[in-house]
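Scroll down for the structure; my scribbles are underneath it.
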Amino acid sequence: MDTTSSENVTAHEAETWLKQEPMSHGRTDKRKRIPNILAVINDACTGCSGAPACVEYCPIEACMFWVADEDHPPFGTIVVDPLTCIGCKLCTSKGPDGTFLEGCPWDAIDMVPAEDTSNTMVPPETMDAIERSFRRKGDAVSRCLSFAIDNKELPKNSKGRVTLGVTIARDGKADNIKVIKTTLDNQQLMDCVIARVKEIQFPEVPKAYDTTYTYAFEAS
């Protein structure tokens, strides 16, 4: 497991992690503004043996989530998504069964000024624009499957999904595109999909932004 403090987690890093249970559940609406303070998890986090008390009291869907230590299962830690945290401090003030604590019992949650992470934050409106850019390329991606079938690379009536990992450079260019998961293992198809996504002009971002997107397609 990377021992780098979670206090240094940036928005685009949190986006690339696979969010696993235990995970916070609650509101799904987007926050209207960046709060004055954000919760960050430091190196003192033990994961509470897979049953972290802090997650239960976070009121935001998937804001706090488990990141497994792949090198030392079943251990792991909790991470706070800086794009969704509202700075409410509930994760630091409540303990199990309604008891009140003076912060996390392991002193693993810090509240820091939001400006400390503002240089790496991607505004919600920019994230929406990025998602729209992916969606607009959907028809072109679907044609990639048709081309593969026409070239007899895949059988007729094929359908499937492909999840891509994409780094968006500061100028909005798609870089370092890779296939994370696919149900159609065909190199011609993947090459075509990557080429189409590379054509997208995304909005400019404050710092290189790592994200994922899943396309679902079927032959027409």
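If you read the sequence shown in my numbering, its first letter stands for residue 9, the second for the next number, and so on.
The C-beta atom is built at its ideal place from N, Cα and C for all residues, glycine as well.
Quantities reported herein were computed from a predicted structural model and do not represent experimental measurements.
The region 159 to 228 is shown to contain whole alpha helix (DSSP H) runs of 4 or more residues at 195 to 206, in chain order. Annotation for ASP115: ALA52 place their beta carbon closer than 6 Å to its own, counting only its chain and skipping 5 residues before and after. Beta bridge pairing from DSSP links ILE45 with PRO121. DSSP places PRO60 outside both helix and strand once states are collapsed to three, so it counts as coil. Under DSSP, the beta-bridge partners assigned to GLY84 are ALA76. Distance from the CA atom of ARG140 to the CA atom of PHE225, rounded to whole angstroms, is 17 Å. Within 10 angstroms of the beta-carbon of PHE210 lie 16 or more other beta-carbons, which makes it buried. Here the alpha carbons of CYS93 and ASP37 stand approximately 12 Å from one another. Classified as buried, ASP118 has 16 or more neighbouring CB atoms from the shown chains inside 10 Å of its CB.
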